[in-house]
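This report concerns only the one structure given below.
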Amino acid sequence: MTLTVSEYEINSAGLFISANSTKIDEDGTPVEVSYTTSAGYNIQALVGVGEEYRVVFAGKNFARNGKGLKVVMYRVVFSPTKELGLISDEFAKLTLTAKVLSDDTKTGTDISAFCQIDMEAV
């Protein structure tokens, strides 16, 4: 049995046979498929949940005339994502929550064990 091009589609998820197919008219119809996949990558997301990271934000503080700003959080643990919007007409959206943990190596008077913010003078 040979399907016409209008009766199937090969995409990144595999083979999709259209409901308009005239040769396969019921579920369970056996089909033999032969094709070559294109080169690609397999990315496993969220496998490192619970690992600790050092997070650094560097940029400009536009509330202070665009002066330089750096925020360093010493120990951060991210929770699994609340939203991973990959199917959209807009940019993908990734909503994360995290806990900032105390770093016991940061000690002393007026020294934060959680984060440090460096701002360029006005």
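FYI, my numbering numbers position 16 of the sequence shown as 310, with every residue one higher than the one before it. Backbone N, C-alpha and C fix where the C-beta goes; we use that ideal spot for every residue, glycine too. Source: prediction; values computed, not measured.
Helix, strand or coil: which one does DSSP assign to residue i?
i	result
V257	Any property of residue 257 remains undetermined from this structure, which presents the chain solely from 295 to 416.
A392	strand
F356	helix
G293	Any answer about residue 293 is impossible in this case: the structure gives the chain only from 295 up to 416.
K361	strand
N314	coil
F385	coil
I405	coil
E345	coil
G421	Coverage of the chain is limited to positions 295 through 416, which leaves residue 421 absent and any answer about it impossible.
V325	coil
V370	strand
Under 8 Å between the Cβ atoms of residue i and residue j?
i	j	result
V370	V349	yes
A392	D398	no
K361	K354	yes
L395	L388	no
V366	Q410	yes
Consider the Cβ of residue i: report whether some Cβ of chain C lies at a distance smaller than 8 Å.
i	result
G334	No chain C appears in this structure, which consists of one protein chain only.
Between which two residues does the beta strand (DSSP E) carrying residue i extend?
i	result
Q410	409 to 413
E377	377 to 379
Mind reading off the beta-carbon distance from residue i to residue j? Whole number of angstroms is fine, and I expect it under 8 Å.
i	j	result
S315	E301	4 Å
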